[in-house]
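**Q** Have a look at this one.
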Ligand code: IVH
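Numbering (the numbering used here), first residue to last: 2 to 681.
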């Protein structure tokens, strides 16, 4: 046995506590306390110590979350307290029935008990139920629900989930505690997992629940460790402690104190009408959550009442689940159309038998590209599962092969552009096939003009998509430069265009000539050059001539420009047709002020990341963003340890709170304007 000094022991315990604390702040409270670099440094120190003194290594060490030796099989676990399921309610009236049944059973009468029942309302997380057993504060076992009586031992896998405490935190640690909750995969993690599978041409998961279940079923816990699973606690099974809470919400608070993640939308309300209101409020928030929920769970909050109510068969009488409309439905693929985008990219779009899913009627879904068609193995006539969760476009999650009709037709990717008949080419290593017609292709011309006119580009008010299509089809315009030659008479001749609108539109086209270099660069529609890259180019080069003259090597010196973007930029300006259009635009009077090279060289906010949140009253948010970007700052949408400064206006909420918890400096609008003045 190695001799371990007290100093080493103390250092080891200190590092473990620190890292467990960082984990808790990061994974349970969503409030990181230290930058990643500091976390990594402490983790390396702990690993070094354990390497040097292997006897130190304990099960609750944060180093043990990476997964260990693969198992041959899972062993079975009998649940001392059975893991129940929930009854479902599908309408408000079924919810009222639930309330009535409870009151009857408790012999409530309006005369004797004029008060209503208090319910805990919780999102029903769409994942996998888990039981976690703690003896004297140490996690000793994790198990699946199985059939409710017997589940499987997944201890090695649950240890890798960072929001699960390996050791309970805080005071009054119970001798025995079995925590129950849901393990789930938040949507960003699910999307990333599927994107990777798609790239590799592998099978994807239908939904985050399947992905979470699949990740927990791994005999190799290293695979589980690589999946960003989370766990929220929602009840207890076995429990031996000195003080036992009296309500469910108190119990959740206690569990929170011991280090468990508790869903932040849990709320206690009185009366079943308030339960229905909670359902409506959560239904509206559902799309904005970063994880899937499939309904609301209502639980009688008073634990003594729960006890009196007891169980029927496999479900408690004191709880019920009210389901949301499904986020997955089955429908049929009727046809596939091939659309041509601004850069000639050909996208197969599935036309579907309309189906109500995730709160909207879906009749189209993108099939992305030819590889995706192959990967899904999809044919016209197939029955498919459509998934629409979050604010995202509907996806075809799966083809149900058993339902394939005998007359199913293979999908043939076109060899010629469906709009201009030019040949279709696919560059080596790229998933996308493109029409080679360039600005000879009507579809590409239309998309290029729509992009040019859009708000963040030249911002031509009143030039909508439909109008662009009409004008290109009528032969009134062939390129963006032609817009500036349009006359009121020409426009007034178009379908549904009155003289007044024609006047307004020509005025808007005229007004758009006054722009900025960044907007002009963005409006050209160079591949991979979005708003931010256009701004970076403008800031770094100052003039259009300098951008046109820059070679790949020169472009690569600019932060955020990689070899692919650089190549697209060089290719764009090497094309004489593009240069002719730029000349025509400048001849038509499109102009901007070049960026002062001296101011540009100083770029006082270079390297900083700013976040704008809440309302602005004096300056518009777009203007604030433009100013910051011109000064070299990046403007991000969310606060993290990397944020340099936050500007918070009235109504600022979670971003402001997060900034405060991370000690990130915050300015109000007046302070921000004052700060900008100091830079002038
Ligand atoms: S309570 C006896 N609360 O829904 C009460 N369950 O059929 C048992 N679930 O498999 C469950 N979120 O995994 C409860 N906030 C929540 C829940 C929840 C999701 C799952 C649970 C169970 C199923 C119920």
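Note that the Cβ used here is the ideal one computed from N, Cα and C, for glycine as well.
1. Just to confirm, does residue 82 get its C-beta within under 6 Å of one of the non-hydrogen atoms of ligand 1?
2. Quick check: what's the CA-CA separation for residue 15 versus residue 71?
3. Relative to ligand 1, is the shortest distance from any of its heavy atoms to the C-beta of residue 164 smaller than 6 Å?
4. Comparing C-alpha positions only, which one of 235, 242, 319 and 509 sits nearest to residue 267?
5. When you compare the CB positions of residue 471 and residue 492, do they come within less than 7 Å of one another, or not?
6. Tell me which residues share the same chain as residue 626 and place their Cβ nearer than 7 Å to its Cβ, disregarding the 5 neighbours each side in the sequence.
7. Measure the alpha-carbon distance for residue 101 versus residue 277 and round it to whole angstroms.
8. Need the endpoints of the alpha helix (DSSP H) that residue 179 sits in, please.
9. Nearest to residue 105 by alpha carbon, out of 12, 306, 531 and 645?
10. Taking the CB atoms as reference points, tell me whether residue 475 and residue 586 lie closer together than 7 Å.
11. Quick one: does the C-beta of residue 317 sit closer than 6 Å to a heavy atom of ligand 1?
12. Verify whether the separation of the beta carbon atoms of residue 167 and residue 294 is less than 7 Å.
13. Report the residue ranges of all beta strand (DSSP E) runs contained in full by the stretch 411 to 444; include only those spanning at least 3 residues, in chain order.
14. Is residue 121 closer than 7 Å to residue 300 when the C-beta atoms are compared?
15. So, with DSSP's three-state summary, where would you put residue 70?
16. Pairing CB atoms from the stretch 229 to 249 with CB atoms from the stretch 178 to 195, are three or more of them under 8 Å?
17. Can you give me the Cβ contacts of residue 372 inside the same chain, cut-off strictly under 7 Å, excluding the 5 residues immediately before and after it?
18. How about residue 130: is its Cβ closer than 6 Å to a heavy atom in ligand 1?
19. Quick one: Cα of residue 487 to Cα of residue 438, how far?
20. Please determine, among 54, 392 and 250, the residue with the shortest C-alpha to C-alpha distance to residue 8.
21. Regarding residue 86 and ligand 2, is the C-beta to nearest heavy atom distance less than 6 Å?
22. Which complete alpha helix (DSSP H) runs does the stretch 570 to 600 hold, if anything under 4 residues is left out?
23. Taking the DSSP output, what are the residues bridged to residue 1?
24. What are the boundary residues of the beta strand (DSSP E) that includes residue 390?
25. Ignore the nearest five residues each way along the sequence and tell me which others in residue 480's own chain have a CB closer than 6 Å to its CB.
26. For residue 484 and residue 336, I'd like the C-alpha separation in whole angstroms.
27. Judging by CA-CA distance, which residue of 666, 628 and 651 is the nearest neighbour of residue 642?
28. Count the CB pairs spanning the stretch 554 to 570 and the stretch 518 to 535 that are closer than 8 Å, and state whether there are at least three.
29. Which same chain residues, not among the five before or five after residue 284, have their C-beta less than 7 Å away from its C-beta?
30. From residue 40 to residue 170, what distance separates their C-alpha atoms?
31. Got a sec? Which residues, its chain only, sit under 8 Å from residue 522 by beta carbon, not counting five neighbours each side?
32. Any idea what DSSP makes of residue 618, helix, strand or coil?
33. Thinking residue 269 and residue 250 are a contact (beta carbons under 8 Å), I'd like their distance in whole angstroms, please.
34. Mind checking residue 428: buried by the 16 CB within 10 Å criterion, or exposed?
35. Check whether the Cβ atoms of residue 240 and residue 178 lie closer than 7 Å to each other.
36. Beta-carbon within less than 7 Å of residue 628's beta-carbon, same chain only, minus the 5 sequence neighbours each way: which residues are those?
**A** Looking at the coordinates:
1. As a working note, residue 82 is residue 81 in the chain shown. Result no, Cβ not under 6 Å from ligand 1.
2. Residue numbering aside, residue 15 sits at position 14 when the chain shown is read from its first letter. Residue numbering aside, residue 71 sits at position 70 when the chain shown is read from its first letter. Roughly 30 Å separates the two Cα atoms.
3. For this step, residue 164 is matched to residue 163 along the chain shown. In this structure, the C-beta of residue 164 stays at least 6 Å away from each heavy atom of ligand 1.
4. Here residue 267 corresponds to residue number 266 of the chain shown, with the count starting at 1. Considering only 235, 242, 319 and 509, the residue with the shortest C-alpha distance to residue 267 is 235.
5. Walking along the chain shown from the start, residue 471 turns up at place 470. Walking along the chain shown from the start, residue 492 turns up at place 491. No, they are not a contact pair.
6. Indexing the chain shown from 1 puts residue 626 at position 625. Counting only Cβ-Cβ distances below 7 Å, and skipping sequence neighbours, we find 613 and 636.
7. On the chain shown, residue 101 is found 100 positions in, with the first residue counted as 1. On the chain shown, residue 277 is found 276 positions in, with the first residue counted as 1. Rounded to whole angstroms, residue 101 and residue 277 show a C-alpha spacing of 15 Å.
8. Here residue 179 is taken as the residue at index 178 of the chain shown, counted from 1. Note, residue 179: premise wrong, no alpha helix (DSSP H); beta strand (DSSP E) at 177 to 185.
9. Walking along the chain shown from the start, residue 105 turns up at place 104. Selected option, being the one with the closest Cα: 306.
10. Counted from its first residue, the chain shown places residue 475 at position 474. Counted from its first residue, the chain shown places residue 586 at position 585. No, the Cβ-Cβ distance between residue 475 and residue 586 is not below 7 Å.
11. Within the chain shown, numbered from 1, the residue matching residue 317 stands at position 316. Residue 317: yes, Cβ under 6 Å from ligand 1.
12. Locating residue 167 in the chain shown gives position 166, counting from the first residue. Locating residue 294 in the chain shown gives position 293, counting from the first residue. No, the Cβ-Cβ distance between residue 167 and residue 294 is not below 7 Å.
13. Taking only runs of at least 3 residues, the beta strand (DSSP E) segments lying wholly in the stretch 411 to 444 are 425 to 427 and 434 to 436.
14. Along the chain shown, one-based indexing puts residue 300 at 299. Along the chain shown, one-based indexing puts residue 121 at 120. Using a Cβ distance threshold of 7 Å, residue 300 and residue 121 count as a contacting pair.
15. Here residue 70 refers to the residue found at position 69 of the chain shown. Look at residue 70 here: in three-state DSSP terms it is coil, with no helix or strand label.
16. With the cut-off at 8 Å, the stretch 229 to 249 and the stretch 178 to 195 touch.
17. Position 371 of the chain shown, counted from the start, is the residue given in the question as residue 372. Excluding positions up to five away in sequence, the list reads 202 and 432.
18. Numbered from its first residue, the chain shown carries residue 130 at position 129. The answer is yes for residue 130.
19. Indexing the chain shown from 1 puts residue 487 at position 486. Indexing the chain shown from 1 puts residue 438 at position 437. Taking the straight line joining both Cα atoms gives about 25 Å.
20. Working through the chain shown from its first residue, we reach residue 8 at position 7. The candidate whose alpha carbon is nearest that of residue 8 is 54.
21. This structure lacks ligand 2; the ligands present are ligand 1.
22. Fully enclosed alpha helix (DSSP H) runs of 4 or longer: 577 to 588.
23. Beyond the ends of the chain as shown, which are 2 and 681, falls residue 1; an answer cannot be given.
24. Indexing the chain shown from 1 puts residue 390 at position 389. It is not in any beta strand (DSSP E) - residue 390 carries neither H nor E in the DSSP assignment.
25. For this step, residue 480 is matched to residue 479 along the chain shown. For residue 480, where only same-chain residues beyond five positions count, the Cβ hits under 6 Å are 582.
26. Here residue 484 refers to the residue found at position 483 of the chain shown. Here residue 336 refers to the residue found at position 335 of the chain shown. Cα to Cα, residue 484 sits roughly 36 Å from residue 336.
27. Translated into the one-based positions of the chain shown, residue 642 becomes position 641. Ranking the options by Cα distance to residue 642, first place goes to 666.
28. Output reads yes: the stretch 518 to 535 touches the stretch 554 to 570.
29. Against the chain shown, residue 284 aligns to sequence position 283. Here the set comprises 325.
30. Sequence index remark: in the chain shown, residue 40 carries index 39 (1-based). Sequence index remark: in the chain shown, residue 170 carries index 169 (1-based). Cα to Cα, residue 40 sits roughly 19 Å from residue 170.
31. The sequence position of residue 522 within the chain shown is 521, counting from 1. Here the set comprises 530, 535, 538, 539, 545 and 548.
32. For the purposes of this step, residue 618 is taken as residue 617 along the chain shown, with counting starting at 1. It is coil, neither helix nor strand.
33. One-based indexing of the chain shown puts residue 269 at position 268. One-based indexing of the chain shown puts residue 250 at position 249. Contact between residue 269 and residue 250 holds: their C-beta atoms lie close to 5 Å from each other, under 8 Å.
34. Translated into positions along the chain shown, residue 428 becomes position 427. Classification for residue 428: exposed.
35. Mapped onto the chain shown, residue 240 falls at position 239. Mapped onto the chain shown, residue 178 falls at position 177. In terms of Cβ geometry, residue 240 and residue 178 form a close pair [threshold 7 Å].
36. Here residue 628 refers to the residue found at position 627 of the chain shown. Once the five neighbours on either side are set aside, the close Cβ partners of residue 628 are 677.
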